[in-house]
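The block underneath contains the structure these notes are about, expressed in C-alpha cells.
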Amino acid sequence: TKHHLSFSGGNSRMTFMLGLSNLSHDGIVTGSQDRFKRHTVIFNSDYAIKDWLKIGQALSYAHTEHAAVTESSEYGSVITNAILFDPLTPVSYRETLPDPVMQLIHDGKKLMKDDQGNYYGISQVMVGEIINPFVSRDATQGRTRVDNLFGNLYMDIKPFRGFTFTSRLGLDVSALNYH
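Mapping to the working numbering: the sequence shown position 109 is 106, numbers consecutive.
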C-alpha cells in the first residue's frame, strides 16, 4: 500500500510544498520476516526577500524498515527450500512425532517449533542443505533500519540586471542499522 498527501501554496513572494508519504509492502514470503516500510517527509520552499535576493530550501527525510529472509543464496534461501523440499513431509507435526525426530530430541538436538509449539517437519528422504522452508524463514531475523536526511539550501543574488550569483549548501546524512 502507498499513501501520499501533499500541500502546496504560495503568493508572489513565496512558494512551498509539504509532502508526506507512507509505503508498506509485504514480500512474497509469509510472516513478519519479509516486509518493507518507508515513511517520507519532504518540504520545499523559496522566498523572494527582495527583488534582488531569493532564498530557498529542499529538505527530505525518510525512515525505512526492512525485514528480509535469506534470498541471495543458492542453498539455504527460503524460496530454494520451498521448491526443493520433500512434498510428503508435513510443515509441522501436529500429533505423533516420527521415530527419527524423537531420536534427535532424545540426543539433545534443538529443533525449531512453530507458533503453536509443534515441531517443524524434517524430511526423512532429503538430507543435507535442503531444509523445511518454514525453518529457514523463522531462523532468519534480518532487520534493517535506515534514516536518511537530505537537504539543500540556496541563495540567489541579482546585483545587476542579467547576472545572478547562486550559492548552495547541501547536506546528506544517513544512518543504517542492520541486525
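We put the CB at the ideal spot given by N, CA and C, even for glycine.
| request: Could you tell me whether the Cβ atoms of H36 and N19 are closer together than 8 Å? | output: yes
| said: Let's test the definition: count the other Cβ atoms within 10 Å of the Cβ of T175 and tell me whether it reaches 16, buried, or not, exposed. | reply: Here the sequence assigns Tyr to residue 175, which means Thr is not the residue at that position. Exposed is the call here.
| query | Which residues bound the beta strand (DSSP E) around P84? | reply | That residue, P84, is in no beta strand (DSSP E); it is neither H nor E in DSSP.
| query | Which one of Y151, F33, W49 has the shortest CA to CA distance from G159? | reply | W49
| task | Pull up the distance between the alpha-carbon of G114 and that of A55, whole angstroms please. | result | 52 Å
| Is the CB-CB distance between L146 and Y58 below 8 Å? | yes
| field | Buried/exposed call for V170, threshold 16 Cβ in 10 Å | value | exposed
| field | CA-to-CA distance, R10 to D23, given in whole angstroms | value | 44 Å
| Where the alpha helix (DSSP H) through V132 begins and ends | 130 to 136
| field | Sub-8 Å separation of I127 and T86 beta-carbons | value | no
| message | Using DSSP's beta-bridge definition, name the partner residues of Y58. | response | V38, L146
| task | Quick one: residues in its chain with C-beta nearer than 6 Å to the C-beta of D83, no 5 flanking neighbours on either side, listed in chain order? | result | S120, V122, M123
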